[in-house]
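Numbered per our numbering, the sequence shown finishes at 1404, counting up by one with no gaps. Ideal placement from N, C-alpha and C gives every residue a C-beta, glycine not left out. Note that the coordinates shown come from a computational prediction; the quantities given were computed from them, not determined experimentally. Right, one structure below, let's go through it.
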Amino acid sequence: VARMQQTTTLLLPALVVTLSMITPATCFQPTNLPLAPTTLATCARCAAPPTIAALKGLHPPLPVAARKLIIADSSALPAKRHALVTGPSHQGGWTRGVGPLKTYGPLKMSASPGTGVVVRTATTRIAASAIGAVATWLLVHAAGCGAVVASSLVGLAAGFALPAPLATAAFCGSFCGMSTAVVAPGAVQAGALGAGAGAILSTLDATNSRFLRGYGGRLGAAATLSALVSIAVTPSLRRAGLLYRPELAAAAAEAAARPAAGVAVLATVLGAAVMRGWARGVPRMQGLLKMEAEVLKQLVARTTNPVFSASLIGLLAGLTVGSTRPTLAAAAFAGAFVAMSPPDKLGSFRALLVAAAFAGLAQVGLTAIGVGAGGKLGAAAVLGVFATRQLRKAKKKATETIVRATQTLKRE
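Structure follows, in structure tokens:
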């Protein structure tokens, strides 16, 4: 008994310290939820239970070295709250240690959301994708809208009214609703395709996969993959040759040499250019006119996000040439998908136009694959962005090789 008491006396402080350092990773909530107070650690100066760090009216001023670590984004935190005890190293998240108070934590936490939150978010996105697919299918087959116009209407509503995760999911599902009546003969089948696309999209995001991350057309590629899986597991569709038709591939090769293919490429480039101009020009115009009203800022943010901007380009293209030249409307819609790529994927405007041109050519090449499947415009955009990035890498490598060769010759 004496030995057990001695061992407990020695290990208990170490156990408390260990728990105070480990527990935040399990009790912190996601960044979009309010912080929950914890009970294992206390403020280093007043021994009060910690909640959220404050920037004003907390304790006597911190040393200069500590004040430099205060993050400016924490101005929205409530005043007169106690700070969490942090360790000597600050890495941008809520951290805790056993030393004196070093800094106030920022508003965002480094801990990842729990499994329950991830599952709920994925379920909501899958439902949003299914609803978007059903709405698009009904607009096409019941209301008589064109496929581009129907998808654009769903995207406009989602991009304006929903937060970004749900808006992208609904827009992804709308591409499944663009499938023909052979692939999706009813609204239920379209909803199933949309749910599959939403599951693919949610899985890629939940696992932090780098696959197609930041590529314009990623949503359409997920919809195409869902449709291809449906075709592959349906015997009647598989026997009909919808996965791949060689005769359509031969026809597409002949059509690529005709002027119509060049017009489609130009329409894709134009769609990308207009989309980029809208998404970046409207905020700049607001800044130049010095319009600081909060309502106007919210309106600009809602109408220049990628989903709304691409949908706007698709709607304009569908209403202008969709009834007479649906191929051109679809090409412009694909160009808008290319422009959804962030700057780190296509840094310059010239790279954007090159990627749009490749996407226009890819539309012709995908004609024989997944016949009747929705989302192939997005898949073409992904191929265009991928080809452009590979071209830029090859150019950079060739330039470095030439520079090294030139330097070698100079030394000799």
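Spatial neighbours of V1346 in its own chain (CB-CB distance under 6 angstroms, excluding positions within 5 residues in sequence) are listed in chain order as T1380.
Rounded to the nearest whole angstrom, the C-alpha separation of T1319 and A1256 is 7 angstroms.
One alpha carbon belongs to A1241, the other to A1253, and they sit about 14 angstroms apart. Counting the other CB atoms within 10 Å of its CB gives F1329 a total of 16 or more, which places it among the buried residues.
Under the DSSP assignment, M1277 falls in the alpha helix (DSSP H) whose first and last residues are 1251-1281.
The stretch 1157-1167 makes contact with the stretch 1185-1199; the number of CB pairs closer than 8 angstroms reaches 3 or more.
Nearest to S1144 by alpha-carbon distance, out of Q1355, A1324, L1288, T1400, is A1324. Counting only residues of its own chain and dropping the five nearest sequence neighbours on each side, V1126 has a CB closer than 6 angstroms to the CB of A1179, A1182, G1183.
By the Cβ neighbour-count rule, T1107 is exposed, with fewer than 16 other Cβ atoms within 10 Å of its own. Secondary-structure assignment with DSSP links Y1236 through a beta bridge to I1361. Burial of V1261 is indicated by the presence of at least 16 other C-beta atoms within 10 angstroms of its C-beta. In the three-state DSSP reduction, S1194 falls in the helix class (H, G or I). One Cα belongs to V1274, the other to S1333, and the distance between them is close to 18 angstroms.
Between L1369 and G1212, the C-beta gap is smaller than 7 angstroms, which places the two residues in contact. V1377 is a Cβ neighbour of G1208, given a cutoff of 7 angstroms. Minimum Cα-Cα distance from K1385 among the listed residues I1361, T1398, L1338, T1359 corresponds to L1338.
In the structure shown, A1150 falls within a helical segment according to DSSP collapsed to helix, strand and coil.
In terms of Cα proximity to M1267, the closest of I1305, V1287, R1112 is I1305.
For E1286, the enclosing alpha helix (DSSP H) has its first and last residue at 1286-1295.
Between S1301 and A1271, the C-beta spacing is below 7 angstroms. When DSSP states are grouped into helix, strand and coil, V1141 belongs to the helix group. Taking the CA atoms as reference points, A1215 sits about 39 angstroms from E1284. The C-beta distance from G1357 to T1172 rounds to 19 angstroms, too long to meet the 8 angstroms contact threshold.
Judged by their CB atoms, A1326 and A1371 are not nearer to each other than the 7 angstroms cut-off. DSSP assignment within the stretch 1300-1333 yields the following whole alpha helix (DSSP H) runs of 4 residues or more, N-terminal first: 1318-1330. By the neighbour-count definition (other C-beta atoms within 10 Å, threshold 16), F1350 is a buried residue. Ranking A1259, E1286, A1265, T1296 by CA distance to the CA of R1276 puts T1296 first.
When DSSP states are grouped into helix, strand and coil, V1377 belongs to the helix group.
Going by DSSP, V1109 is part of the alpha helix (DSSP H) stretching over 1107-1133.
V1313 is positioned such that its CB atom lies no closer than 7 angstroms to that of G1151. Contact between G1169 and G1366 is confirmed by a C-beta separation of about 7 angstroms, below the 8 angstroms threshold. When DSSP states are grouped into helix, strand and coil, E1392 belongs to the helix group. Non-local beta-carbon contacts of A1120 in its own chain, meaning distances under 6 angstroms to residues more than five positions away in sequence, involve L1158, A1161, A1162 in chain order. Rounded to whole angstroms, L1234 and A1219 show a C-alpha spacing of 10 angstroms. Pairing A1360 with Y1236 gives a Cβ-Cβ distance under 7 angstroms.
The beta carbon of L1375 sits closer than 6 angstroms to the beta carbons of A1354 from its chain, once the five residues preceding and following it are set aside; these are given in chain order.
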